[in-house]
Amino acid sequence: MNTAPQLGEIDFNSLPDLGILGQTLFSKVPIGTVVVRLSDHRIILRNPAFSLIADDRIETIADLIDRSCVDQKQQEQFRAQIEHAHSRADLEETSELSGLVLDIKGADGKVRIVQHYALIFHKTGIAIGIFHDISDIKRKYRALQKDAFTDELTGVGNRRGLMERWSEEIEDDPTQTIGFLMIDLDRFKPINDTYGHATGDNVLRALATRLRKNIRKSDYVVRLGGDEFGVLLPDIESRAMLDTIRNKLLATLRRPVVVNAIKLTLSGSIGGGLYPEDGKDLAAIMVHADHSMYSTKKSTPARKRAAKASAINKEPAP
Numbered sequence: 001m002n003t004a005p006q007l008g009e010i011d012f013n014s015l016p017d018l019g020i021l022g023q024t025l026f027s028k029v030p031i032g033t034v035v036v037r038l039s040d041h042r043i044i045l046r047n048p049a050f051s052l053i054a055d056d057r058i059e060t061i062a063d064l065i066d067r068s069c070v071d072q073k074q075q076e077q078f079r080a081q082i083e084h085a086h087s088r089a090d091l092e093e094t095s096e097l098s099g100l101v102l103d104i105k106g107a108d109g110k111v112r113i114v115q116h117y118a119l120i121f122h123k124t125g126i127a128i129g130i131f132h133d134i135s136d137i138k139r140k141y142r143a144l145q146k147d148a149f150t151d152e153l154t155g156v157g158n159r160r161g162l163m164e165r166w167s168e169e170i171e172d173d174p175t176q177t178i179g180f181l182m183i184d185l186d187r188f189k190p191i192n193d194t195y196g197h198a199t200g201d202n203v204l205r206a207l208a209t210r211l212r213k214n215i216r217k218s219d220y221v222v223r224l225g226g227d228e229f230g231v232l233l234p235d236i237e238s239r240a241m242l243d244t245i246r247n248k249l250l251a252t253l254r255r256p257v258v259v260n261a262i263k264l265t266l267s268g269s270i271g272g273g274l275y276p277e278d279g280k281d282l283a284a285i286m287v288h289a290d291h292s293m294y295s296t297k298k299s300t301p302a303r304k305r306a307a308k309a310s311a312i313n314k315e316p317a318p
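Quick note: the sequence shown uses full-length UniProt numbering, first residue 1, plus one each step.
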């Protein structure tokens, strides 16, 4: 049985010239590759695949970071990796940069998602950088992730999405104040009982859309289940701002919803919480908001609440 030769058994003299082999690989490999001079960070060689990823007018790594990398956080991470590698120049002959994902804008204006890897040869004074276009893979992953984090009925986020978004916000800025509003629709059950679940589902969709349109772009609406919703409010200024948004959403929920020419009027109870004042994690903030919401329900006189949240108005919509 034939077996593959071991490294010590290979006759390297029989191989083609390694310079020619390297040049062929460099020009033909479908992964963006550059050679960089360390003294001035100038790109001295680039292959055709790199020209498809980044603008040919990019001459230095600084140009690549400042002009082609469209995400500021990624720019900072890229610079930090380079500085760390240079700091180790006296300690090791080679350094590696790996694992960084960059959004790179090319000459065609298209932004590609690229995984970057580099090998730095300190004594030789050059670095080889590799830029692997993973746009298709990343977009498919993001689409799957979006499905996993989206409520199927209403199109807003779900509990998993809320947890993911919370983690992102804390990672981005753990010192920020984050608000959370817990929303419970008052007297929603009679709509389902009287008109059926299809009508109830349409009401939930309409109210979810309404909530999303009445918050900031940075805020995140989720359906927690049944007729309960939540709103995550990153980088909120104060409790007064939280109360202002709460009152705005209450007014939004009180506006009638028209389904199949029937005007349906309902309201909601909303409680809020602030991180880190009311809790040190998402679970604690949600518990605080939940208690606040039910305190609001109990403190509202029954007749006033019934008037505000009359579940069904049987008059046909005009």
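All residues carry an ideal CB built from backbone N, CA and C; glycine is no exception.
Exercise. Do you know how far the Cα of Leu232 is from the Cα of Lys285?
Worked result: Stepping through the sequence shown from its first residue, residue 285 is reached at position 285. Stepping through the sequence shown from its first residue, residue 232 is reached at position 232. It should be pointed out that residue 285 corresponds to Ile in this sequence rather than to Lys. Going by C-alpha positions, Ile285 is about 10 Å away from Leu232.
Exercise. For the putative contact between Lys74 and Asp103, defined by C-beta atoms under 8 Å, what is the C-beta separation to the nearest angstrom?
Worked result: Within the sequence shown, the letter at position 74 stands for residue 74. Within the sequence shown, the letter at position 103 stands for residue 103. In the sequence on display, residue 74 carries Gln and not Lys. Contact between Gln74 and Asp103 is confirmed by a C-beta separation of about 6 Å, below the 8 Å threshold.
Exercise. Are His116 and Glu92 closer than 9 Å when you measure CB to CB?
Worked result: Within the sequence shown, residue 116 is the residue found at index 116, counting from 1. Within the sequence shown, residue 92 is the residue found at index 92, counting from 1. No, these two residues do not count as a Cβ contact at 9 Å.
Problem set entry | Helix, strand or coil at Ile236 [DSSP, three-state] | Translated into the one-based positions of the sequence shown, residue 236 becomes position 236. In the displayed model, Ile236 falls within coil according to three-state DSSP, outside both helix and strand.
Problem set entry | Inter-residue spacing [alpha-carbon to alpha-carbon] between Gly155 and Met182 | Against the sequence shown, residue 155 aligns to sequence position 155. Against the sequence shown, residue 182 aligns to sequence position 182. Their Cα atoms are separated by approximately 18 Å.
Problem set entry | Reduced DSSP secondary structure (H/G/I, E/B, other) of Glu152 | By one-based count along the sequence shown, residue 152 stands at place 152. Residue state, collapsed to three classes: coil.
Problem set entry | Close Cβ partners of Ser218 (< 6 Å) along its chain, the five nearest in sequence each way excluded | Counting from 1 along the sequence shown, the entry for residue 218 is found at position 218. In chain order, Pro234 place their CB closer than 6 Å to the CB of Ser218, counting only its own chain and leaving out the 5 sequence neighbours on each side.
Exercise. In terms of residue numbering, what span does the alpha helix (DSSP H) encompassing Leu207 cover?
Worked result: The residue labelled residue 207 in the question sits at position 207 within the sequence shown. Residues His197 to Lys213.
Exercise. Looking at the structure shown, is Gln81 part of a helix, part of a strand, or coil, going by DSSP?
Worked result: Translated into positions along the sequence shown, residue 81 becomes position 81. Three-state DSSP puts Gln81 in a helix.
For this session: Compute the distance between the beta-carbons of Thr177 and Glu237, then report whether it is under 9 Å.
Result: On the sequence shown, residue 177 is found 177 positions in, with the first residue counted as 1. On the sequence shown, residue 237 is found 237 positions in, with the first residue counted as 1. Yes, the Cβ-Cβ distance between Thr177 and Glu237 is below 9 Å.
For this session: Leaving out five residues on either side along the sequence, give the residues of the same chain with a beta carbon under 6 Å from the beta carbon of Ala289.
Result: The residue you call residue 289 lines up with position 289 of the sequence shown. Same-chain partners within the cutoff: Phe180, Met182, Gly271, Gly272 and Gly273.
For this session: Look at Arg67 and Asp55 and say whether their C-beta atoms are less than 9 Å apart.
Result: On the sequence shown, position 67 is the one that residue 67 refers to. On the sequence shown, position 55 is the one that residue 55 refers to. The Cβ atoms of Arg67 and Asp55 lie closer than 9 Å to each other.
For this session: Determine the direct distance from the alpha carbon of Ser267 to that of Leu250, and round the result to whole angstroms.
Result: Along the sequence shown, one-based indexing puts residue 250 at 250. Along the sequence shown, one-based indexing puts residue 267 at 267. In a straight line, the C-alpha of Leu250 is about 7 Å away from that of Ser267.
For this session: Quick one: grab the DSSP three-state call for Lys298.
Result: By 1-based counting over the sequence shown, the position of residue 298 is 298. Note: Lys298 maps to helix in three-state DSSP.
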